[in-house]
Amino acid sequence: MRTQVAIIGGGPSGLLLSQLLNKAGISTFVLERKSRDYVLSRIRAGVLETGAVELIRAAGAGARMDREGQLHDGCYLASNGRMFHVDFKGSCGKQVMVYGQTEVTKDLYDAQDAIGATVIHDAEDVALHDLTGDAPFVTYSLNGQPQRLDCDFVAGCDGFHGISRQSMPAEVRREFEKVYPFGWLGILSRTPPVEHELIYAAHDRGFALASMRNTMLSRYYIQVPLTDRVEDWSDDAFWTELKLRLPADVAARLVTGPSIEKSIAPLRSFVTEPMRWGRLFLCGDAAHIVPPTGAKGLNLAASDVHYLYEGLVQHYKQGQSDGIDSYSQRALARIWQAMRFSWSLTTMMHRFPGASDYERRMQDSELAQLENNATARRLMAENYTGLPY
Ligand code: RFL
Ligand code: PHB
741 MRTQVAIIGG GPSGLLLSQL LNKAGISTFV LERKSRDYVL SRIRAGVLET
791 GAVELIRAAG AGARMDREGQ LHDGCYLASN GRMFHVDFKG SCGKQVMVYG
841 QTEVTKDLYD AQDAIGATVI HDAEDVALHD LTGDAPFVTY SLNGQPQRLD
891 CDFVAGCDGF HGISRQSMPA EVRREFEKVY PFGWLGILSR TPPVEHELIY
941 AAHDRGFALA SMRNTMLSRY YIQVPLTDRV EDWSDDAFWT ELKLRLPADV
991 AARLVTGPSI EKSIAPLRSF VTEPMRWGRL FLCGDAAHIV PPTGAKGLNL
1041 AASDVHYLYE GLVQHYKQGQ SDGIDSYSQR ALARIWQAMR FSWSLTTMMH
1091 RFPGASDYER RMQDSELAQL ENNATARRLM AENYTGLPY
């Protein structure tokens, strides 16, 4: 078999890239390790920047998002019971779209089906070959049968645990990592959201986030120690702890109910450089991880896809290589800005074990600056709604 761009991973990065390239007349072949149902059962991100929204629309997968997604003008920040609003629209003229990653992925699968794109599920033992030569190829097995796919380029969209990044020799990679000493316990429940916009709450008991998917589906998170396990947390214990961390008037109107999903995600910042090696390009979580506090993971995947898509179109349609040659540099410049934002919001809002009184005062001062200074709020608004591509 032969294709122009072999895409490893059928998560949001792989599907979005595949959809955009196909629409531009460039052939793709997506290889996904898991089943479609499995990919669609993962509950992850919930907030889309303007750039991601536009890209999903350009891919022809935005109709349901535009019907069912909620545009938010801002969010709330709370600290030990006090709460204030950050007005994104008023500060920088931009909004965010609240629409779950699960729905984005489903819409992308439907769009891929509609144009007859090839997405192979349950592909095992995917391996990349001759990435620095002129004729790279991918091997994998399907139902126990060995397969070979020849291509011009490989897009490594296979997430943090994928094989693409590992296919670059260790001596050409430079990795940057920060692991945070806590995780987020998240639940999804069929209850009306407590507020019409997100609430990020700092509290002496730990951070909490009130988010949502739609008017009858809420997503809440609380900071937990890394030693906690999901089984340790009954629904009742979760709701009790969440209420303690939210401002009292918000907690008083919180509607609780049975959880329909409950999971713990560790928090980490990670970047690998460069994002290109020969004919392999890394995209999304394969190249970087942000802590979820700034809602940047999926949005960075989208901006990587944008730069790579532009570069590949330039290569195939105009015979120019500047776009693919500058991919890594352009993508990384934006990634580091989002890294900084996610790290600073994470650092300001969480309780760190062993933090000194001085560090606690710094957190309070950062929050006070946001509450009292319109310039600080504007900077947050620009970063949260997404820096330009
Ligand atoms: P994904 O979504 O991980 O998709 C990669 C796909 O590649 C497949 N794969 C392979 N396929 C073939 N061969 C192999 N060897 C393969 N190895 C892996 C996987 O099965 C998968 O389908 O990466 P992508 O597409 O780059 O998308 C990135 C986003 O998913 C990610 O940035 C966000 O979900 C991060 N993230 C969150 N981001 C937010 O903005 N807000 C959140 O609330 C939020 N919550 C989360 C998250 C990520 C989580 N992970 C990764 C553990 C919660 C969790 C639990
Ligand atoms: C979510 O709704 O899952 C969500 C929203 C905002 C974040 C992180 C997660 O910063």
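Sequential numbering from 741 applies to the sequence shown in our numbering.
The C-beta atom is built at its ideal place from N, Cα and C for all residues, glycine as well.
Distance between beta carbons of residue j and residue i, contact taken as under 8 Å
| i | j | result |
| --- | --- | --- |
| PHE769 | ALA746 | 5 Å |
| LEU1107 | ALA942 | 7 Å |
| ALA895 | PHE1021 | 5 Å |
| GLU1086 | PHE828 | The displayed chain sequence assigns Thr, not Glu, to residue 1086. The pair is not a contact, with the Cβ atoms about 19 Å apart (cut-off 8 Å). |
| VAL990 | ILE939 | 7 Å |
Check: residue i C-beta below 8 Å from any heavy atom of ligand 1
| i | result |
| --- | --- |
| HIS812 | no |
| ASN954 | no |
| PHE922 | no |
| LYS1036 | yes |
| ASP753 | Looking at the sequence shown, residue 753 is not Asp but Ser. For ligand 1, at least one heavy atom lies less than 8 Å from the Cβ of SER753. |
| HIS825 | no |
| ASN740 | Nothing can be reported for residue 740, as the shown portion of the chain is limited to 741 through 1129. |
| CYS897 | yes |
| VAL866 | yes |
| GLY884 | no |
| PHE1021 | no |
Counted within 10 angstroms of its Cβ, other Cβ atoms place residue i as buried (16 or more) or exposed
| i | result |
| --- | --- |
| LYS1036 | buried |
| ALA1005 | exposed |
| ARG905 | buried |
| GLU917 | exposed |
| ALA857 | buried |
| ARG1117 | buried |
| ASP1044 | buried |
| HIS936 | exposed |
| ILE855 | exposed |
| TYR778 | exposed |
| GLY997 | exposed |
Proximity test, residue i beta-carbon vs ligand 2 heavy atom, cut-off 8 Å
| i | result |
| --- | --- |
| ARG1133 | Residue 1133 cannot be examined here, being either before or after the span of the chain that is shown, 741 to 1129. |
| LEU949 | yes |
| LEU938 | yes |
| ARG913 | no |
Boundaries of the beta strand (DSSP E) in which residue i is found, first to last residue
| i | result |
| --- | --- |
| ILE1004 | 999-1013 |
| TYR816 | 814-819 |
| MET952 | 948-954 |
| LEU1127 | Note, LEU1127: premise wrong, no beta strand (DSSP E); not H, not E. |
| ARG822 | 822-827 |
The alpha helix (DSSP H) enclosing residue i, as first and last residue numbers
| i | result |
| --- | --- |
| LYS774 | Looking at the DSSP string, LYS774 is not in any alpha helix (DSSP H), and its letter there is neither H nor E. |
| HIS1055 | 1037-1058 |
| TYR961 | Per DSSP, TYR961 belongs to no alpha helix (DSSP H); it is in the beta strand (DSSP E), 957-964. |
| ILE1064 | 1062-1065 |
| ASP989 | 988-992 |
Short CB-CB distance (under 9 Å) between residue i and chain C
| i | result |
| --- | --- |
| THR1125 | Going by chain labels, chain C is absent from the structure shown, which holds only one protein chain. |
request  = Output the residue ranges of the beta strand (DSSP E) runs that lie fully inside the stretch 879-940 and measure 3 residues or longer, sorted by chain position.
outcome  = 885-890, 893-896 and 914-929
ask   = What are the complete alpha helix (DSSP H) segments, minimum 4 residues, inside the stretch 1060-1110?
value = 1062-1065 and 1067-1089
query = Can you list the alpha helix (DSSP H) stretches of 4 or more residues lying completely in the stretch 840-865, in chain order?
reply = 841-854
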